[in-house]
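Below is one structure, written out as structure tokens, with a few remarks after it.
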Amino acid sequence: MIKTVSTTPYADQKPGTSGLRKKVPEFQRPNYAENFIQSIFDSLEGYQGKCLVIGGDGRYYNRDVIQKAIKMAAANGFGKVMVGKGGILSTPAASHIIRKYKAFGGIILSASHNPGGPTEDFGIKYNIGNGGPAPEKITDAIYERSKVIDSYKISDFPDINLDRIAREDIGGMIVSVIDPVEDYAALMEELFDFGAIRNLISLGFRLCFDAMSAVTGPYAKEIFEIRLGAPDGSVRNFLPLPDFGGHHPDPNLVHCKELYDEMMGDDAPDFGAASDGDGDRNLIIGKGIYVTPSDSLAILAANANLAPGYSHGIAGIARSMPTSGAADRVAEKRGIGMYETPTGWKFFGNLLDAGMATICGEESSGTGSNHVREKDGLWAVLLWLNILAVRGESVVDIVTQHWATYGRNYYSRHDYEGVDTDAANGLIAALREKLPTLPGTKYGDLTVSAADDFAYHDPVDKSVSQHQGIRILFEGGSRVVFRLSGTGTTGATLRVYIERYEPDPTRHNIETQEALADLITAAQEIADIKGRTGRDAPTVIT
Ligand code: G1P
Ligand code: ZN
Numbered sequence: 000m001i002k003t004v005s006t007t008p009y010a011d012q013k014p015g016t017s018g019l020r021k022k023v024p025e026f027q028r029p030n031y032a033e034n035f036i037q038s039i040f041d042s043l044e045g046y047q048g049k050c051l052v053i054g055g056d057g058r059y060y061n062r063d064v065i066q067k068a069i070k071m072a073a074a075n076g077f078g079k080v081m082v083g084k085g086g087i088l089s090t091p092a093a094s095h096i097i098r099k100y101k102a103f104g105g106i107i108l109s110a111s112h113n114p115g116g117p118t119e120d121f122g123i124k125y126n127i128g129n130g131g132p133a134p135e136k137i138t139d140a141i142y143e144r145s146k147v148i149d150s151y152k153i154s155d156f157p158d159i160n161l162d163r164i165a166r167e168d169i170g171g172m173i174v175s176v177i178d179p180v181e182d183y184a185a186l187m188e189e190l191f192d193f194g195a196i197r198n199l200i201s202l203g204f205r206l207c208f209d210a211m212s213a214v215t216g217p218y219a220k221e222i223f224e225i226r227l228g229a230p231d232g233s234v235r236n237f238l239p240l241p242d243f244g245g246h247h248p249d250p251n252l253v254h255c256k257e258l259y260d261e262m263m264g265d266d267a268p269d270f271g272a273a274s275d276g277d278g279d280r281n282l283i284i285g286k287g288i289y290v291t292p293s294d295s296l297a298i299l300a301a302n303a304n305l306a307p308g309y310s311h312g313i314a315g316i317a318r319s320m321p322t323s324g325a326a327d328r329v330a331e332k333r334g335i336g337m338y339e340t341p342t343g344w345k346f347f348g349n350l351l352d353a354g355m356a357t358i359c360g361e362e363s364s365g366t367g368s369n370h371v372r373e374k375d376g377l378w379a380v381l382l383w384l385n386i387l388a389v390r391g392e393s394v395v396d397i398v399t400q401h402w403a404t405y406g407r408n409y410y411s412r413h414d415y416e417g418v419d420t421d422a423a424n425g426l427i428a429a430l431r432e433k434l435p436t437l438p439g440t441k442y443g444d445l446t447v448s449a450a451d452d453f454a455y456h457d458p459v460d461k462s463v464s465q466h467q468g469i470r471i472l473f474e475g476g477s478r479v480v481f482r483l484s485g486t487g488t489t490g491a492t493l494r495v496y497i498e499r500y501e502p503d504p505t506r507h508n509i510e511t512q513e514a515l516a517d518l519i520t521a522a523q524e525i526a527d528i529k530g531r532t533g534r535d536a537p538t539v540i541t
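Number 78 in numbering that gives the first Met the number 0 belongs to position 79 of the sequence shown; there are no gaps in the numbering.
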């Protein structure tokens, strides 16, 4: 039976960089999740009788919201729901399932790399039929709807058993509980030379993958240990836990410190990697060398043709504006397209759909290609392994040769987390005001050459996205970028992105923070970070 339940709107359901994210107790308020899910359905057209994919990263509250979403999909007229067994679907696997089975769209339950548990983070995100995050046009409509919603529809059938693979007709809708790994693993086998990687591993190449007790565990076990023959134990923390074992499932040098220390040690494996809560991010560390996501993007793009899925070359590269310009140099040398988009994977969708870009990346540990419409952590790891297997060189050799060929973009991001929201907004507003006066200003030996508030003109649908980050460019090609995070759930997070280009190979071995020291000082001064936020130093440096 279908019930129509009356409800009152919440004022705070504005989707951020990647869907709606809140603390679990906020999501547990009466009808909170239902309001948002109904607002999604109300913002879509033509889904009657069609298929909806549902899955999440396994975090606390995942199963509850999945049951609600299935019952609401039935009541709203979807013909079919495909849901991952155990409620599990990594973000890239969900994107693939939507595409492969030509679903109308998908609901992904995740707060990505944010911690999970009864008082931690939860999130709901809608992906469209191309498998990618809903564009702003739709997220804006969802928000508008959420402000006035007065009822939602839900079927009253009992909870679905999510723990066995089955296909049933329930309440007039097909509910198909599917293996979350199979289709994704098969796609990876198509794109990469599993034979070559298996061979590399059989010759003693040691790899270590940390699934961070999050969604990639089952995928990584199947792919690395079963299909590629890595020894048992190569995949760590492979069991998805609702609270991620109490850790932040964020694959950066702070939260993967143990792996980092091991990779810098004498007996380090050849290759270390990790992914985040929902499986779309990646961390790449070679024996003795951390590869920044910006460098990784450039190196993957430069070598992608070594993998079967990209053997015909790539059409173009896209990167988010704050990501370093390392990939631009690869695109320039190859004579292929290069696109600079705002932060957030949704901006790559049109470029990928139009065939203008093949590989995309963000400095925030996100890399991916046109195989899905999300960034993909395991994809990046497998492309690295494929390249290593074909080139027969170490990570450090590949990286240093890349720098020697293209120059090195020293790069770091400084995050100031949990800053007072008004103070953070004030800082950005003041910078914006100051923009016209900055060119020509000197900070130590640095002279500002240009400064603007980044706006993106989508070359495909011609939409314009304003206010995407304050850019300050210096003579010689260095730059700093300031923006506020759109994914946080507590206060504001100020992100400062710092970059210097160094063509001279004899100067490629400087410690990163040292290489960027004058720019870091300039950034603090230009934005008056201490004066406005009271912070002496960033909370996280990546
Ligand atoms: C962050 C990253 C961004 C990424 C997003 C979702 O967003 O900076 O690159 O697309 O998470 O994973 P932010 O918090 O900066 O808005
Ligand atoms: Zn993520």
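Each residue gets a CB set at the ideal place from its N, CA and C atoms; glycine is no exception.
For K220, the number of other beta carbons within 10 angstroms of its own is at least 16, and it is reported as buried.
Pairing Y259 with T366, the inter-Cα distance amounts to about 20 Å. Not a single heavy atom of ligand 2 lies less than 8 Å from the C-beta of R163. Annotation: the segment 85 to 113 contains the following complete segments of the beta strand (DSSP E) (minimum length 3 residues), in chain order: 104 to 108.
When secondary structure is reduced to three states using DSSP, P248 falls in the coil class, being assigned neither helix nor strand. Listed in chain order, the non-local C-beta contacts of L199 below 6 Å within the same chain comprise A388, local neighbours out to five positions each way being set aside. S17 sits in coil when the DSSP states are folded into three classes, being neither helix nor strand. Remark: the shortest separation between the CB of W378 and any heavy atom of ligand 1 does not fall under 8 Å.
With distances taken between CA atoms, T322 lies nearest to L296 out of V329, K332, K345 and L296. Distance from the CA of T291 to the CA of S364, rounded to the nearest whole angstrom, comes to 8 Å. Where Y142 is concerned, the enclosing alpha helix (DSSP H) starts and stops at E135 to S145. Within the DSSP bridge table, the entry for C359 names A317 and G367 as partners. Here the C-alpha atom of F237 lies approximately 33 Å from the C-alpha atom of A325. The residue from T6, E143 and A514 with its alpha-carbon nearest to that of K13 is E143. The alpha-carbon separation between R470 and D149 amounts to approximately 42 Å. Looking at K79, Y125 and T90, the one whose alpha-carbon comes closest to that of D275 is T90. The segment 88 to 103 makes no contact with the segment 246 to 262; the number of CB pairs closer than 8 Å stays below 3.
CA-CA distance, P239 to T399, rounds to 36 Å. In the DSSP assignment, H466 falls outside any alpha helix (DSSP H), carrying neither H nor E. According to the DSSP assignment, I427 belongs to the alpha helix (DSSP H) that extends over T420 to K433. Taking a C-beta distance under 9 Å as the contact criterion, N369 and A356 qualify as a contact pair. Annotated as distal: N30 and T3, with beta-carbon spacing of 9 Å or more.
Shown here for G170: same chain residues with a beta carbon closer than 7 Å to its own, the five before and five after excluded, namely A73, S154 and F156 in chain order. Distances from the CA of I525 to each of D11, V447 and D139 were compared; the closest alpha carbon is that of V447.
Here the segment 303 to 311 does not lie against the segment 265 to 284, with fewer than 3 beta-carbon pairs under 8 Å apart. In the structure shown, M81 adopts extended strand secondary structure according to DSSP, grouped into three states.
Looking at the DSSP output, V174 sits in a beta bridge with V80 and E167. Pairing T511 with N113, the inter-Cα distance amounts to about 26 Å.
K84 and Y409 have their C-alpha atoms roughly 43 Å apart. Within the same chain, Cβ atoms closer than 6 Å to the Cβ of P504 are found at A403, the five residues on either side in sequence being excluded. Fewer than three pairs of CB atoms, one per stretch, sit closer than 8 Å, so the segment 209 to 223 makes no contact with the segment 327 to 335. In the three-state scheme derived from DSSP, where H, G and I count as helix and E and B as strand, G232 is classed as coil.
Ranking K136, I540 and Q27 by CA distance to the CA of Y415 puts I540 first. Of the candidates G348, A140 and P117, G348 places its Cα closest to the Cα of R318.
Separation of I427 and M71 (C-alpha to C-alpha, rounded to the nearest whole angstrom) is 40 Å. In this structure, V80 sits near V174, with a CB-CB distance shorter than 9 Å.
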